[in-house]
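Oh and the sequence shown: position 170 is 171 in our numbering, straight run, nothing missing. Just so you know, even glycine gets a beta-carbon here, dropped at the ideal spot from N, CA and C. As the structure is a computational prediction, the values presented were derived from the model and not from experiment.
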Amino acid sequence: MVSTTLFFLADAISRMGEIRISKPDEEVVCTGLLTLSTCIPVLLPHLNSTLEPGHSTELFPMTFDQIVYLGVLTTALRSTIMRALGAKLLASLTMAQPVETLNLLLPLFLDYLEPVVSNSPATVKKSASSSVDTSDSEVSTNVSSSAPPACTGTLEALTAIVEHVSQTSAADSIPASWIELDQTDPLASPDSRGPRPGNAVDQPDAGVADLSEPKLSPLLTSFLPYIVVLVPPVLRLLADPDSTIRVLASRLFTSLLTLFPLESSLPDPPGMSEALSLARAMKRQFIDSLLHPDRIQTYNLPIPIRAKLRGYQQDGVNWLSFLNRYGLNGILCDDLGLGKTLQTLCILAGSHHELKQKHKTRREVRSLVICPSTLCGHWLHEVEQFVRPCDLSPIVYTGGPTVRINLQTQILDHNLVIASYDLVRNDISFFQ
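Next up, the structure:
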């Protein structure tokens with residue numbers, strides 16, 4: 002209940018106009034946030050609400066949870082300085098009590114990292130699905146809707162937390178020679194990294210301890226298991242339409258990359274919430290599939306297609322389903338005539354069917370195929386040849402301005418719109 006209230010409150014703050022705070026008041030607030038973040042280690046013994054009345058709680062009548070929520074609310078403000086200080090506060094809390102802080106923090110921040118929910122056939126978290134045919138390759142992509150305003154502050158805060166923890170712990174916990182073993186596979190398991198020939202660990206007389214297992218600080222041991230749950234949403238934001246979001250997501254993802262090799266061998270820390278533990282297991286499966294496409298789960302089409310998929314085509318459909326499931330973009334490349342359009346139609350038709358089953362009362366959603374004008378007829382022919390009308394109902398968006406205005410009123414009766422690059426660009430306000 003508290004987290005739900007906080008989410009809506011922070012979202013309301015982020016949507017407000019510029020909050021007018023006088024310069025003296027802003028300085029007082031900033032000084033308070035800075036002092037609070039600096040004094041966290043000293044305050045922690047006095048934040049336990051279970052202590053006897055009249056003792057610690059009278060000295061500082063604020064619970065640990067309330068300070069975490071204060072930091073979260075601060076990251077939703079428009080003031081860059083206040084957001085930065087809020088991020089510093091959350092970083093201080095994480096370094097002092099990582100498990101307790103992240104159990105409260107991540108469920109809220111993960112909501113902020115999700116795109117706006119809309120009627121998307123490819124994923125309910127996106128605004129539209131787009132397939133681009135470029136002769137020898139096809140791009141199956143999801144056009145992201147605008148991220149929530151609080152997303153910026155969330156990315157800033159998470160980056161501050163990751164960088165603070167890394168800078169504080171990694172230098173003392175991870176041998177430099179171990180880190181340098183392999184920079185080509187940042188998500189690889191530590192077990193897969195063998196020492197380089199000629200290193201001290203290869204020489205039995207060198208008197209150097211075995212570095213095959215890095216010795217992590219208690220802070221890193223508690224913190225690292227949580228980073229996996231951030232991977233899919235941050236990876237998805239690398240393609241966000243907002244350039245600020247893309248830059249922030251890139252910085253955060255770069256910081257996470259350096260820690261991935263250490264995470265996989267660690268168990269859940271004591272006290273990790275059940276929901277985050279389950280999310281970690283699911284996201285670990287995502288990373289495994291991302292690194293090893295041959296392990297991606299087979300996608301069984303929920304509807305009949307008037308074609309028999311070949312082995313490599315089924316692999317392509319499996320991969321598109323994987324991208325669709327996690328809201329990611331991708332490029333399907335193959336030689337001309339090997340069925341890229343068919344594979345794309347399979348995932349589009351299957352996705353439409355699944356959304357209909359999941360949201361029976363929801364109004365029909367639409368997919369958008371963007372291709373050269375010479376191939377619009379080809380896409381229409383492929384749909385009519387392989388897919389039932391009840392699964393995909395196509396319409397070609399073409400003609401002069403008057404014709405297109407008339408077509409715009411008919412699009413609601415179809416769930417697949419086929420249009421050329423030029424017309425989408427000319428009528429971008431309509432498609433947006």
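Terminal residues of the alpha helix (DSSP H) in which residue i lies
{"i": "VAL163", "result": "151-166"}
{"i": "GLU74", "result": "Note on residue identity: the sequence assigns Leu, not Glu, to residue 74. Segment 65-75, the alpha helix (DSSP H) holding LEU74."}
{"i": "ASN301", "result": "That residue, ASN301, is in no alpha helix (DSSP H); it is neither H nor E in DSSP."}
{"i": "VAL230", "result": "It is not in any alpha helix (DSSP H) - VAL230 carries neither H nor E in the DSSP assignment."}
{"i": "GLY338", "result": "Per DSSP, GLY338 belongs to no alpha helix (DSSP H) and is neither H nor E."}
{"i": "VAL366", "result": "Premise fails: VAL366 is in no alpha helix (DSSP H) and is neither H nor E."}
{"i": "LEU44", "result": "41-44"}
{"i": "SER430", "result": "429-432"}
Residue i to residue j span [Cα, whole Å]
{"i": "GLY154", "j": "VAL404", "result": "45 Å"}
{"i": "SER274", "j": "VAL229", "result": "14 Å"}
{"i": "TRP320", "j": "THR64", "result": "47 Å"}
{"i": "ALA308", "j": "SER256", "result": "45 Å"}
{"i": "GLY18", "j": "ARG84", "result": "With a pLDDT of only 47 at GLY18, under the threshold of 50, the placement of this residue in the model should not be trusted; the figure read from the coordinates follows. Their Cα atoms are separated by approximately 16 Å."}
{"i": "SER244", "j": "SER38", "result": "30 Å"}
{"i": "GLY378", "j": "SER290", "result": "35 Å"}
{"i": "ASP423", "j": "ILE406", "result": "16 Å"}
{"i": "ALA151", "j": "LEU337", "result": "44 Å"}
{"i": "THR42", "j": "SER266", "result": "For the sequence presented, residue 42 should be read as Pro rather than Thr. Between PRO42 and SER266, the C-alpha separation is close to 29 Å."}
{"i": "ILE371", "j": "LEU78", "result": "38 Å"}
{"i": "THR375", "j": "VAL384", "result": "16 Å"}
{"i": "ILE419", "j": "ASN427", "result": "15 Å"}
{"i": "PHE261", "j": "LEU381", "result": "44 Å"}
{"i": "SER80", "j": "VAL30", "result": "11 Å"}
{"i": "LEU253", "j": "ASN325", "result": "23 Å"}
{"i": "PHE431", "j": "LEU329", "result": "24 Å"}
{"i": "TYR327", "j": "VAL248", "result": "20 Å"}
{"i": "ILE68", "j": "MET283", "result": "30 Å"}
{"i": "GLN298", "j": "VAL366", "result": "26 Å"}
{"i": "PRO234", "j": "LEU114", "result": "6 Å"}
{"i": "LEU310", "j": "SER421", "result": "27 Å"}
{"i": "GLU27", "j": "ASP241", "result": "32 Å"}
Residues that residue i bridges to, as DSSP identifies them
{"i": "TYR398", "result": "ALA420"}
{"i": "CYS372", "result": "SER421"}
Spatial neighbours of residue i in its chain, beta-carbon cut-off 6 Å, leaving aside the 5 residues before and after
{"i": "PHE224", "result": "PRO99, VAL166"}
{"i": "GLN315", "result": "none"}
{"i": "LEU238", "result": "ILE246, ALA250"}
{"i": "GLN411", "result": "none"}
{"i": "HIS415", "result": "SER394, ILE396"}
{"i": "LEU111", "result": "none"}
Chain-order list of residues whose beta-carbon lies under 8 Å from that of residue i (same chain, five-residue window excluded)
{"i": "LEU220", "result": "MET96, PRO99, VAL166, THR169, SER170"}
{"i": "ARG285", "result": "VAL229, SER265"}
Chain D contact for residue i (CB, 7 Å cutoff)
{"i": "ALA88", "result": "Chain labels in this structure do not include chain D; a single protein chain is all it has."}
Same chain, Cβ closer than 7 Å to residue i, five either side skipped, listed in chain order
{"i": "LEU107", "result": "TYR227, VAL230, LEU277"}
{"i": "GLY87", "result": "LEU34, GLY72, THR75, THR76, ALA158"}
{"i": "ILE162", "result": "LEU91, ALA92, THR95"}
{"i": "PRO294", "result": "TRP320"}
{"i": "CYS347", "result": "LEU302, ILE306, VAL318"}
{"i": "SER322", "result": "TYR300, ILE348"}
{"i": "PHE387", "result": "ILE306, ARG307, ALA308, LEU343, LEU346"}
{"i": "GLN409", "result": "PHE431"}
{"i": "ILE429", "result": "none"}
Residue i (DSSP reduced to helix, strand or coil)
{"i": "GLY331", "result": "strand"}
{"i": "GLY87", "result": "helix"}
{"i": "THR259", "result": "coil"}
{"i": "GLU28", "result": "helix"}
{"i": "ASP112", "result": "helix"}
{"i": "SER312", "result": "Note that residue 312 is Gly in the sequence shown here, rather than Ser. GLY312: helix per DSSP, three-state reduction."}
{"i": "HIS360", "result": "coil"}
{"i": "VAL1", "result": "Coverage of the chain is limited to positions 2 through 433, which leaves residue 1 absent and any answer about it impossible."}
{"i": "ARG285", "result": "helix"}
{"i": "SER80", "result": "coil"}
{"i": "THR307", "result": "It is Arg, not Thr, that sits at residue 307 in the sequence shown. In this structure, ARG307 counts as coil in the three-state DSSP scheme."}
{"i": "GLY317", "result": "helix"}
{"i": "THR410", "result": "coil"}
{"i": "ASP241", "result": "coil"}
{"i": "MET273", "result": "coil"}
{"i": "PRO268", "result": "coil"}
{"i": "HIS293", "result": "coil"}
{"i": "SER218", "result": "coil"}
{"i": "LEU349", "result": "helix"}
{"i": "LEU393", "result": "coil"}
{"i": "HIS1", "result": "In the structure as shown, the chain starts at 2 and stops at 433, and residue 1 therefore has no counterpart that could be examined."}
{"i": "HIS415", "result": "coil"}
Contact test: residue i Cβ vs the ligand FAD heavy atom, cutoff 6 Å
{"i": "TYR227", "result": "Although the ligand FAD was asked about, the structure shown includes no ligands whatsoever."}
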